[in-house]
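Structure record follows, encoded as structure tokens.
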Amino acid sequence: KRPVRVTNIISTPVSKALKIEFEPTIVPGDTTDVPIKIGTLIYDWKVGLDLKHFKGKLVIKGVGPGGSSQKLSIPWTADVLQGGLEINDTVTHYCSPHSNQPRNFSIVNRFKVPLAITNVSLATEAKSLFSINHFTPRILKSGQKVNIFSISLKENAMNDNVKLESSIMIHTNVSMTEVPLLSYDGKVKKIIPNDHDNYEDSGGPSTMNFGTVGSGTENEAVFALENQNPVSIELHGWGVNMPGAVLELMGCQTGSVRAINKAIRNITVCSYSGNQSIKPGYLAIFKIKVKTPMVEEDTIVGDVFVRTTYERLTIPVYMRVAHGKIALKKLIFSDCFPGAICMRQMNIHSTFSRSMQVTLVAPINKDNRVKYLPLEEESASSASDSKNLPTIHKGENNIGSIAIDLSVSCKLNCYLGLSLNTTIGNQWLNTMSLPSHTRDLDLNLLNARYSRYLNSTGLWDNNITMRLETTEVRGHKFLIIIKPYWPSLIHHHNSNNYDHTNNNKNNNNSNEKNITLLTFPLTQVGNTSYKSLRIHNPSEKNSILIQLVMDWNYPQGSRLYHSLPNKFKQPICSDCSAITAIDGEFRLEFDADENNVFESKWNNIGVASNTLALYLKPRQSKLVKLSYSPSTASTSSGLLFIRNNMTIIEAVRLFGRGAYAQFKFGNRKPSSSTPLLFELTERHLKDCERESTKNNNNNNSHKSLLSNLTVKRSFTARNTGELPIDVYQFYINGIACEGYGFRVLNCHSFRLEPNSTRKIEIAFTPDFTLSKIERELMILTSIGSTIDTDTMKNGIVKLSLLTTIPGHILESCAAVIARPPWESLVHWLAISLSSVLLICILAFSFLEADRIIRGALANMSRCSPVQPPLDLRQLATQTLSIKDDNQKISDAPDNNNSCRNKKTKDESEWMLVGVNSHNNTSNNSNKKSKEPKALKIADWSADDERKLKFDGTNSSICKHPIDSKNGTNEIIPAALPINEMNQRVKHNKNNKKHTADSNGETSLAGEADQQKYVNTFRVGSPTITKHQNNNSTNYNNRRDENRDDNIK
């Protein structure tokens, strides 16, 4: 009760005899009994009879409610009856002029069963011209013949030249039979090519004009008769009434009326039996051949006739005979491909005395690929006046060019080119980053296009017949040949490049050719050779994208090369297995900014590193540099892949061989430690002894002696390798050409070709100062750092020059050598300057010694020469006085902190040994009795006494205040001699002044008030220092007297 959607109808088994016309239909789910048409079945009884397909099953597939699948199977059968209806179709053929007599139409039942004729009807277009009379339905027995109706032409159509192709339908109980009803005139159409590539109609006059032909030549022309009637037209005869002319029927062919010359290759026999006839829609091709007589000038006319069942055709023939001919060579286009416009010049040689003007150059069969281009100097005028075309004179003539553009005909089926606007074009663009599937994509695109290239002969006509029309010569034919061509983007920029370190030798030639092999010159290991490769866009119309990739950077580059067609792998290397392939030896030399510019123009395109992307406009070229840097002395090979959207991919095989330069100088290798020897013997220096016995010291004798004492040696520079070597300069210990007595005579640059030598002369002039002279000879060459030694680096060959002179001859030879005139002056100036410097040094030394002595004496004078003995027992009783002194010192100003701190430190050191630094005995007996009891120490032995002695070598000094009022300081040496110290103590004692204060105490005043000496003692290993500080407090007189007694 729900609707069902019918999705498909199939027949099983599948049969060609049964055709199913079906469209998806929805069958409603209501309860109506009205059937719904879901398709049509058409059974072809002829095919079914041949294949014996008379039954099968129809499977109807549908989708029910809820998406459930529904199937319905219906069997089908077909009964094919043997036999048919036999009719006389000539009754329904009407040829003008027509008659109004009715024609009876009879049929014969050839079926094995009775046949019922139910109806007869005319087609709609025939009802206005014909009428059917006397028809009655009837049954025909098997084999019975009966007239079932009569047909007649209506009165209004009797006098009209009516052309009609219609039918009469006879309806039976078995099938419907269609009987052709035709009306025609029986005439054929004449087709004669003329100047303007038009064809004459049979209704107007037509002439076969041969134009001017050469005497004694054979000329031919063709014409055709086209049967446009619905019935075949019989040919009863043909011929020509012209002397020396022959007319022949070449055959018949179907097709366009403009393909007459093409029909010459593809014609067939018009009829295999009986009279020749032209089938409906066919052309009958006739050829007329005329052999002209040997006359100077004449005119020949005649007629060509053809007789058929309905008419006799006549075609006039005209020609002018003259002495001469024209010749045009065959044009061959061997470099033409889709996207390029190929051009060839048309050079015509004429021997006719009359000039003629070119009226037409075109293919006989219309071909948009071919275009005629007149001369450039006449193209402007031809644009304004179409009749102003090139003129052919007697002799050689250039009338223009023929241009071929193959892309006009192939369009999307061209064997070259990849549109970047397509899906596959976008995929190719995305592979410029060289993903892993790049190889597969490139191979698929290349193989597809190369297959089209191989089949291009079948796709296009490679031979095109052209026709030249002039005002005199008519229908001159010539042939152009187009050969399939696969272009290349590679042009070798031919140059001879030597490897170099600092210099290149490039001799560029203008010759360029397509290459698949690029060979580098023999290159020294460690150096670099360069080759230039010109990348060219050969297309005239399209711009192309190019990506240059080395094999070591291309994903699976070696596998790609082996998968390429053989055309792209030439030349084949016979010994490639012995050639090494080292990554990085061959490189592309380019600026990285070029890829940045490319990526900026083409957004969303990533270019892989170490690859070069180019965009070339039509006919644009780009010069690319390749480098070869061999790492070993062997042959190397590499591949350069050129990816592009025109030829897809191209490969260039790169070859190079590395070698070491071999250089010898003086039969010594660059690494040799054997020096180049200059040995001067007594025989060479005999002039020294001779001159030494003479007293003649004039300049002339010295000059002649110097020339005699110069020694020259020739050394051979030899190139024993395969590489040319450039020698740039010679150096003697870093000095160019000469130095230290050595001089290279022919010191200029030169080149050593392989296995060549050159003599180098080196002269040595001794100065007789040393008996053995060794210097370094450096030769700057182009051989580079091939040997990693100190004697050869960066192209510098280092050798040693060694000269030996007998030692006992040096003095005699040095005496006879002329000295320069300024030498004596410089000698005396040097002596004088040395003397003055010596005197100044002595004077300064004396003054400095005097200063030092005076300072020492002054220091000694300030110290007492006698040092008082040290009484430790007495010092032990002065502990209390030291404490009072410390209390007073703590009340002193802050500027005495340094000495006070040092005093406290020293006093603590004294306390360690139980000794007081001062004797503070008072005159007051009460105070004395109140002092604390001194610390007793054991008596020292005589050895201990000797160990404890005064150390007068201590150089430390102490700064202490002298007067608290003026705050002046005095620096007293801590290690003065004993006598000087005693003198200072006595001087201070005499300058003391005693004053009485309110407490009966005395204060010590004076210029050297409250001085303190530094005494240094050495007790065992420790050193104990006692400092005397300046105090502003008063000491009692008793303490001063005890101190004086102790000092005494």
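Numbering (the UniProt record's numbering), first residue to last: 1 to 1048.
Each residue gets a CB set at the ideal place from its N, CA and C atoms; glycine is no exception.
Just so we're clear, the structure is a prediction, and the values are computed from it rather than from any experiment.
{"Query": "Leaving aside the five residues before and after H702 along the sequence, list all residues of the same chain whose C-beta is less than 8 Å from its C-beta, in chain order.", "Result": "Because H702 sits at a pLDDT of 47, beneath the cut-off of 50, its placement in the model cannot be relied upon, and the following sentence gives the value as read from the coordinates. Cβ neighbours of H702 beyond the five flanking positions: V816, I817 and A818."}
{"Query": "Based on Cα-Cα distance, which residue from C840, L825 and P766 lies nearest to I805?", "Result": "P766"}
{"Query": "Do N397 and N347 count as a contact pair if the criterion is CB distance below 9 Å?", "Result": "yes"}
{"Query": "Measure the Cβ-Cβ separation of N644 and L489 and say whether it is below 9 Å.", "Result": "yes"}
{"Query": "Ends of the alpha helix (DSSP H) at residue 1092?", "Result": "Outside the modelled stretch of the chain, which goes from 1 to 1048, sits residue 1092, for which no answer is possible."}
{"Query": "Can you find the residues in the same chain that come closer than 7 Å, C-beta to C-beta, to E599, ignoring five residues on each side of it along the sequence?", "Result": "I605 and V607"}
{"Query": "Buried or exposed for W428, going by 16 or more other Cβ atoms inside 10 Å?", "Result": "buried"}
{"Query": "Could you tell me the alpha carbon to alpha carbon distance between N227 and D185, rounded to whole angstroms?", "Result": "11 Å"}
{"Query": "State the CB to CB distance for the pair F286 and L249, rounded to an integer number of angstroms; the pair is presumed to be in contact (CB under 8 Å).", "Result": "6 Å"}
{"Query": "Enumerate, from N- to C-terminal direction, the unbroken beta strand (DSSP E) stretches of 3 or more residues contained entirely within the segment 177 to 247.", "Result": "189 to 191, 208 to 214, 218 to 226 and 233 to 240"}
{"Query": "Exposed or buried, S456, counting other C-beta atoms within 10 Å across all chains shown (16 or more means buried)?", "Result": "buried"}
{"Query": "Suppose contacts are defined by Cβ-Cβ distances below 9 Å. Is S558 in contact with E585 by that definition?", "Result": "no"}
{"Query": "Under 6 Å Cβ to Cβ from V306, same chain only, skipping five residues before and after it: list those, please.", "Result": "W238 and L313"}
{"Query": "In chain order, which continuous runs of the beta strand (DSSP E) of length 3 or greater are located wholly inside the segment 261 to 305?", "Result": "282 to 291"}
{"Query": "Just verifying my parser: in three-state terms, what is the DSSP assignment at Y615?", "Result": "strand"}
{"Query": "Starting from the C-beta of N230, find all residues in its chain whose C-beta is less than 7 Å away, skip the five residues before and the five after it, and write them out in chain order.", "Result": "This sequence places Pro at residue 230; Asn is not what is there. Cβ neighbours of P230 beyond the five flanking positions: E165, L182, Y184 and P280."}
{"Query": "Of all the beta strand (DSSP E) runs that stay within the bounds of the segment 324 to 389, which reach a length of 3 or more residues?", "Result": "326 to 328, 331 to 336, 341 to 350, 356 to 363 and 370 to 373"}
{"Query": "For P3, count neighbouring C-beta atoms within 10 Å of its own C-beta (all shown protein chains included) and say buried if the count is 16 or more, exposed if not.", "Result": "exposed"}
{"Query": "For the alpha helix (DSSP H) holding N444, just list the boundary residues, first then last.", "Result": "T438 to L454"}
{"Query": "By the three-class DSSP mapping on this structure, what secondary structure does P65 have?", "Result": "helix"}
{"Query": "Excluding five sequence neighbours on each side, which residues of the same chain lie with their C-beta closer than 6 Å to the C-beta of I10?", "Result": "V59"}
{"Query": "I'd like to check one pair, I87 with V108: are the Cβ atoms closer than 9 Å?", "Result": "yes"}
{"Query": "Would you list the one or two residues that DSSP bridges to E761?", "Result": "S714"}
{"Query": "According to the Cβ coordinates, are L247 and I278 closer than 9 Å?", "Result": "no"}
{"Query": "Hey, quick one: how far does the alpha helix (DSSP H) through G39 stretch, first residue to last?", "Result": "It is not in any alpha helix (DSSP H) - G39 instead sits in the beta strand (DSSP E) that spans G39 to Y43."}
{"Query": "Going by CA-CA distance only, name the one from L122, S206, K145 and I300 that's closest to H171.", "Result": "L122"}
{"Query": "Does DSSP put T7 in a helix, in a strand, or in coil?", "Result": "strand"}
{"Query": "Going by beta carbon distance, what residues of the same chain come within less than 7 Å of G62, once the five residues before and after it are set aside?", "Result": "V4, R5, V6, T7 and Q70"}
{"Query": "With burial defined as no fewer than 16 other Cβ atoms inside 10 Å of the residue's Cβ, what is the status of N595: buried or exposed?", "Result": "buried"}
{"Query": "Would you identify the three-state DSSP class for C840, choosing helix, strand or coil?", "Result": "helix"}
{"Query": "According to the neighbour-count rule (16 or more other Cβ atoms, all chains shown, within 10 Å of its Cβ), is D335 buried or exposed?", "Result": "exposed"}
{"Query": "Is the segment 672 to 679 close to the segment 530 to 539, with three or more CB pairs under 8 Å?", "Result": "no"}
{"Query": "Are K565 and L446 closer than 9 Å when you measure CB to CB?", "Result": "One point to set straight first is that residue 565 is Pro, not Lys, in the sequence displayed. Yes."}
{"Query": "Whose C-alpha, out of K291, D298, T292 and T268, is nearest the C-alpha of A284?", "Result": "T268"}
{"Query": "Rounding to the nearest angstrom, what Cα-Cα distance links A613 and L548 in this structure?", "Result": "6 Å"}
{"Query": "Between which residues of its own chain and Y554 is the CB-CB distance below 6 Å, once the five residues before and five after are set aside?", "Result": "F641"}
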